[in-house]
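Each remark here refers to the structure printed beneath this line.
Numbering (the numbering used here), first residue to last: 5 to 481.
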């Protein structure tokens, strides 16, 4: 730049600096206080708007315990029990256990959202509003343990206060959020914090986990209450805390409202939840696997098994495919696939992007119904044996403490059948049919179809390293 140009810029900058009006410390403090006042007013506005629709969910559960009629007396010892029987020392008695958590009203005619763990064992449910009204006629419409969401209905209700549902997909880390509930039985309690993380997972795949993490104080009793944005819209259901002593330690977790709303719609319309089903087993990608599969990052889920005749099999997914994207959502790990597929409506078409042999490939798949897949697991010929079996996925492996992907697990035994007579029980694992090794229900059914006479030889696991043959006879039609 010529010297004259630099001089002009210097003179212009000097003039502008001279024209600038200095800001005093008092003005800075005033502006800062005004910003804080506006923020405070925003919190107050949310409280006034949402609190009337936040309810106390009071539950009572009947439990049977062995009392202590003679506890602490001279008769409370083995000598008297040996002669007079245990009933003289400890007699069974029923008692009621009570608890209180939170919920929020989403419709004027009385639909309420809360957590599954709040109401799943309740024999009686009462709803108490902040204005003092109490409702004993409360119906449990449905509950989903996998996402920790439950829907209640206050019967014969009308013109109730409500909260509006927001869009949890729009949330960003650092946004202000507000929790309202009844921690430790203290009603109408409001706490404030920020979204400290999104998509939080606690490990395992037995639950659909995509938690919103917040540092808004959440304590026992907050469960089921709303997590709100500054517009007063619900963006999550407060569900859990990470703590060492059951109290607040800065990390609370909420179920995203978009996930909860999908579950709510199914529970209200059908009374149950039917999730999407793909039919694969997977594992997370680590750095060594990323190098082996020629991946650019550690994100993705490696398919380790494709169930025969499953939606994945029909779509053309293969073992060793690495799923990196489903629809518009990127896949970081197995839990992401579990969540995305689980909350995709059955019969929906999705694009699944995989890395196969180092190359990117898009596969069109039609998502199946998990409910229908479970109902149709066992063929008619299998039922003639008096057995219902299922492929061992992660959930069943956890439920029955068995190994995923090896054999099939018995989930039901027909009463009066030969199988029942020979000792079959739910949870037993069948490893072979007529000396054919099986790892899923499809293989189980095919092996049975090849039976040439009425005798079926089943190799059943009887211990950690042992098994034995059991012969069953197929029933005639």
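In this text, a Cβ means the ideal position worked out from N, Cα and C, and glycines have one as well.
Everything numeric in this text was worked out from a predicted model, so none of it was measured.
The closest CA to that of residue 393, considering only 232, 446 and 135, is found on 446. The stretch 193-204 makes no contact with the stretch 142-156, as fewer than three CB pairs between them are under 8 Å. Under the DSSP definition of a beta bridge, residue 260 partners with 240. DSSP places residue 200 in the strand class (E or B) of the three-state scheme. Membership of residue 425 in the alpha helix (DSSP H) is indicated by the continuous run 422-425.
For residue 122, there is no enclosing beta strand (DSSP E); the enclosing alpha helix (DSSP H) covers residues 120-123. In the DSSP assignment, residue 148 forms a beta bridge with 153.
Inter-residue distance for residue 127 and residue 464 is about 40 Å (C-alpha atoms, whole angstroms). In this structure, residue 314 sits away from residue 254, with a CB-CB distance that is not shorter than 8 Å. Every alpha helix (DSSP H) stretch that sits fully inside the stretch 312-397 and reaches 4 residues is listed by chain position as 315-319, 338-346, 374-379 and 384-387. Scanning 156, 149 and 229 for the CA closest to the CA of residue 188 turns up 229. With a threshold of 16 other beta carbon atoms within 10 Å, residue 260 meets it and is buried. Here the alpha carbons of residue 286 and residue 295 stand approximately 17 Å from one another.
By the neighbour-count criterion, in which 16 or more other beta carbons inside 10 Å mark a residue as buried, residue 217 falls on the buried side.
Shown here, residue 41 sits in a helix according to DSSP, grouped into three states. Taking each of 185, 266 and 239 in turn and checking the Cα distance to residue 223, the smallest one comes out for 185. DSSP places residue 300 in no beta strand (DSSP E); its state is neither H nor E.
The alpha-carbon separation between residue 303 and residue 353 amounts to approximately 23 Å. Sequence-distant Cβ neighbours of residue 290 in its own chain, meaning closer than 7 Å and more than five residues away, are 302. Setting aside the 5 residues that flank it on each side, residue 55 is surrounded in the same chain by 134, 184 and 192, each with a C-beta closer than 7 Å to its C-beta; the list follows chain order. Leaving aside the five residues that flank residue 245 on each side, the residues in its chain whose CB is nearer than 6 Å to its CB run, in chain order, 222 and 256. Between residue 170 and residue 233, the CB-CB gap stays under 8 Å. Around the C-beta of residue 432, 16 or more other C-beta atoms lie within 10 Å, and the residue is accordingly described as buried.
When DSSP states are grouped into helix, strand and coil, residue 188 belongs to the helix group.
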